[in-house]
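**Student:** Structure below; questions to follow.
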Amino acid sequence: MPRGDANRYHLKIGPGYNLRNILKLQNSSTTKFLKLGVELTVEERNLLSVAYKNVIGARRASWRIISSIEQKEENKGNETQVQKIKAYRQKVETELSEVCSDILAVLDEHLIPSAEAGESKVFYYKMKGDYHRYLAEFASGERRKEAATQAHEAYKHATDIAQTDLAPTHPIRLGLALNFSVFYYEILNSPDRACHLAKQAFDDAIAELDTLSEESYKDIDYFPKLTVIASLKLEGEKPEEAKQEVETEDPK
1 MPRGDANRYH LKIGPGYNLR NILKLQNSST TKFLKLGVEL TVEERNLLSV
51 AYKNVIGARR ASWRIISSIE QKEENKGNET QVQKIKAYRQ KVETELSEVC
101 SDILAVLDEH LIPSAEAGES KVFYYKMKGD YHRYLAEFAS GERRKEAATQ
151 AHEAYKHATD IAQTDLAPTH PIRLGLALNF SVFYYEILNS PDRACHLAKQ
201 AFDDAIAELD TLSEESYKDI DYFPKLTVIA SLKLEGEKPE EAKQEVETED
251 PK
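Counting from 1, one number per residue, gives the positions in the sequence shown under UniProt numbering.
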């Protein structure tokens with residue numbers, strides 16, 4: 001049996017994975033498997049990505065709601081309520097930091113070093129950019145600046161590889177362009193750069209549509225991504241639905 005195959009089944013994790021399950025991974029055979037330096041299959045990396053995405057997504061949503069309530073109570077001058085809400089917000093931020101730090105360590109120490117295919121490298125560097133972006137969403141001061149810098153470097157590295165190794169219509173390349181655009185818009189507060197990047201990705205993909213086989217049209221779910229990227233072009237503003245969550249789901 002090839003090295004690591006005995007532990008591969010531990011990566012068969014479903015979309016309902018929660019924080020308790022994720023924390024168990026730290027001392028499980030899954031972590032031992034990752035440390036072997038074996039490149040994950042497409043299914044394995046997607047399952048791992050979805051598991052973390054579910055955990056972080058729920059807490060990001062909670063953080064937004066709590067922050068909104070906190071702001072409303074501050075406007076009312078309700079200091080007692082503000083202190084209680086602030087304490088809970090900080091608890092959620094601690095959980096966010098722990099989850100982000102965990103997957104970023106796995107990416108830096110195991111997944112990225114073991115990646116050989118260009119597609120895998122783009123996937124992991126995009127993922128690294130995403131989780132640094134999540135940190136930047138709630139961090140402040142130097143911590144926010146550092147997270148933003150790390151996110152930009154990861155997205156840029158992923159983009160450089162994608163432009164060489166992946167077709168403009170490749171779903172991972174499109175997802176990268178979309179999330180990089182979100183980063184410029186929301187973290188760097190640069191709508192012009194966000195829209196320029198999105199428009200370029202959109203135009204490059206459209207130019208390649210005629211070269212795709214009929215089977216590619218059926219198998220590659222990039223049209224929703226193209227639609228959202230195109231909407232970013234409109235006067236530097238995101239549509240309301242894009243404001244809620246414009247970043248892509250990881251390609252399957």
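Virtual Cβ for every residue (Gly too), placed ideally from N, Cα, C.
Should Ser68 go down as buried or exposed, given a rule of 16 or more other Cβ atoms within 10 Å for buried?
**Tutor:** Looking at its Cβ environment, which holds fewer than 16 other Cβ atoms inside 10 Å, Ser68 is exposed.
**Student:** Indicate whether the contact test is met: 3 or more Cβ pairs, each with one atom in the region 105–120 and one in the region 75–90, closer than 8 Å.
**Tutor:** Flag = no, the region 105–120 and the region 75–90 do not touch.
**Student:** Looking at the secondary structure, which residues open and close the alpha helix (DSSP H) in which Phe92 lies?
**Tutor:** According to the sequence displayed, residue 92 carries Val and not Phe. Counting along the chain, the alpha helix (DSSP H) containing Val92 begins and ends at 79–106.
**Student:** If you follow the alpha helix (DSSP H) that Leu176 is part of, which residue opens it and which one closes it?
**Tutor:** Here the alpha helix (DSSP H) through Leu176 covers 171–182.
**Student:** Under the assumption that Arg173 contacts Val122 (Cβ atoms under 8 Å), give the Cβ distance between them as a whole number of angstroms.
**Tutor:** Between Val122 and Arg173 the Cβ distance is about 7 Å, and since that is below 8 Å, they are a contact.
**Student:** Can you give me the start and stop residues for the alpha helix (DSSP H) that Pro168 sits inside?
**Tutor:** Pro168 -> no alpha helix (DSSP H), and no H or E assigned at all.
**Student:** With burial defined as no fewer than 16 other Cβ atoms inside 10 Å of the residue's Cβ, what is the status of residue 255: buried or exposed?
**Tutor:** Any property of residue 255 remains undetermined from this structure, which presents the chain solely from 1 to 252.
**Student:** Where Arg59 and Ala136 are concerned, what is the direct C-alpha to C-alpha distance, given to the nearest angstrom?
**Tutor:** Cα to Cα, Arg59 sits roughly 14 Å from Ala136.
**Student:** Which ranges does the alpha helix (DSSP H) cover as unbroken runs of at least 4 residues, wholly within the region 105–144, from first to last along the chain?
**Tutor:** If we require 4 residues or more, the alpha helix (DSSP H) runs fully inside the region 105–144 come out as 118–138.
**Student:** Inspect the beta-carbon positions of Ile56 and Val99 and report whether they are closer than 9 Å.
**Tutor:** Yes; because the gap between Cβ atoms is below 9 Å, this pair is in contact.
**Student:** In chain order, what residues of the same chain lie with their CB nearer than 7 Å to the CB of Asp204, ignoring the 5 residues before and after it?
**Tutor:** Same-chain partners within the cutoff: Pro168.
**Student:** What residue range is occupied by the uninterrupted alpha helix (DSSP H) comprising Ser68?
**Tutor:** Here the alpha helix (DSSP H) through Ser68 covers 42–76.
**Student:** Between Ala194 and the rest of its own chain, which residues show a CB-CB distance below 6 Å, the 5 nearest in sequence each way excluded?
**Tutor:** Cβ neighbours of Ala194 beyond the five flanking positions: Ser181, Tyr184, Tyr185.
**Student:** Beta carbon of Met127, beta carbon of Leu96: below 9 Å?
**Tutor:** The answer is no: Cβ separation not under 9 Å.
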